[in-house]
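Just below is one structure, and these are the notes that go with it.
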Amino acid sequence: MSILITNIGELVTNDPAPGRDGGPLGIIRDAAVLVDDGLVSWVGSGGDAAAHAEASGTELVDAGGRALIPGFVDTHTHLVFGGDRAEEFAARMAGRPYEAGGIRSTVAATRAAGDDELRARLAGFVAELHAQGTTTFEIKSGYGLSVRDEERLVRLAREVTDEVTFLGAHVVPFEYREDPALGDGAADAYVDLVVGEMLTACAPHARWIDAFCERGAFTPEQSRRVLEAGAAAGLGVRVHGNQLGEGGGVRLAVELGAASVDHCTYLSDADVAALAAGDTVATLLPGVEFSTRQPYPDARRLLAAGVTVALASDCNPGSSFTSSMPFCIAVAVRDMGMTPAEALWASTAGGAAALRRTDVGAIRPGARADLVLLDAPSHVHLAYRPGVPLVARTWKDGALVA
């Protein structure tokens, strides 16, 4: 099936070329896009669209002078879980600090939920993502923390996305923490399980391995064991790092060639230099700081150093229960020093880089036809009109999904 979208007031391609505006955004004014069999086949001036409209069976879509952008690429979510943590959020807003240990309440609720319950809830989240313009998304496990439950989570996630991350090393489960026979060795004993039987069960359903390298979770040494075992099993490496304070997560990620290190809230000069010298993407999660009242990461500092930056939602029930990439863009512009153009690029092409994908995050011939029509004349409105539902239509692989 072919689709020709015409009368696009502003087309953000993320494919800069001579004659296009917006630097890395590669903006074309008065543009048109042709889609064939789920892929972008032609991009150009609206004045050249007539020749493509003559093909039989081509669906014509009039954008009405509105903006068309690539679908958002959300590279950090935790969408398979039971229960919620609304009471914890209310307590945090009343002054209680965020701690990684709150994850354990979600673990209990997730273990108690059946597959059909988790699957139905996941479908609802996917619909939310599509309605807000997200077309590619990663899902992490990490709320099972047993061989049976972690395998369930990655298996269910794989039903809706190819970008599945095994995060058995999220926190140490309570049954290990509370075992007096393990004592101070509880975390190491749990890591033994993660790199052994749990990894064997989960790797067939996953593309990535991740570890929460943070106080209250896992040390750099323990995280290294997990990540190296995952890499040996054929999984790509991702890292949660430097969320609650400076630590070894960022430099471990760079050393291991991780595709992305996520959070990056507290960075030393050495951390920034390491990121600038490597190809690990720094994925920032503004919804977390919004929800936990932590300081926002300094995106301007990273961009000035030449680091590739992505934005993601970190949609999860504890520290960032939002699935809205437009919201994350608005916060990044308002509180993290990014321009609207930088934030949009980080949410699309930056996310593609964090997944090491070249087929998403841009509108160019050969790319997947993951397109978002905004009910606005410009991408700037994503930050200019925060909280307003500006996504008019979303296409995934050329099919209308919202």
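Read in order, the letters of the sequence shown correspond to residues 7 to 408 in the working numbering.
Note that beta-carbon positions come from the ideal geometry of N, C-alpha and C, so glycine has one too.
- Going by C-alpha positions, L45 is about 15 Å away from L74.
- In this structure, the beta-carbon distance from V178 to G367 does not fall below 7 Å.
- L377 is classed as buried because its beta carbon has at least 16 other beta carbons within 10 Å across all chains shown.
- Per DSSP, the beta bridge partners of L380 are V397.
- If you keep only unbroken alpha helix (DSSP H) runs of at least 4 residues inside the stretch 153 to 186, you get 153 to 164 and 180 to 183.
- For L233, the three-state secondary structure derived from DSSP is helix.
- In the three-state reduction of the DSSP assignment, S274 falls in the coil class.
- Around D68, the same chain offers T12 and N13 as residues with beta carbons nearer than 7 Å, after the five sequence neighbours per side are excluded.
- In the DSSP annotation of this structure, the continuous segment of the beta strand (DSSP E) that includes I14 starts and ends at S8 to V18.
- Secondary structure of V386 (DSSP, three-state): coil.
- Less than 7 Å divides the Cβ of A207 from the Cβ of E157.
- In terms of Cβ geometry, T314 and T81 do not form a close pair [threshold 7 Å].
- Sequence-distant partners of L388 (beyond 5 residues in either direction) whose C-beta falls short of 8 Å from its own C-beta, in its chain, are P332, I335, A336, P346, A349, L350, L380, A382 and L396.
- Within the DSSP bridge table, the entry for C219 names F224 and G247 as partners.
- Residue pairing from DSSP places G242 in a beta bridge opposite W214.
- Note that the C-beta distance between V170 and H211 is below 7 Å.
- By the criterion of a C-beta distance shorter than 7 Å, Q138 is surrounded in its chain by S329, S330, M331, P332 and V397, once the five residues flanking it on both sides are discounted.
- For A237, same chain residues with a beta-carbon under 8 Å away, outside a window of 5 residues either side, are I215, V243 and L262 in chain order.
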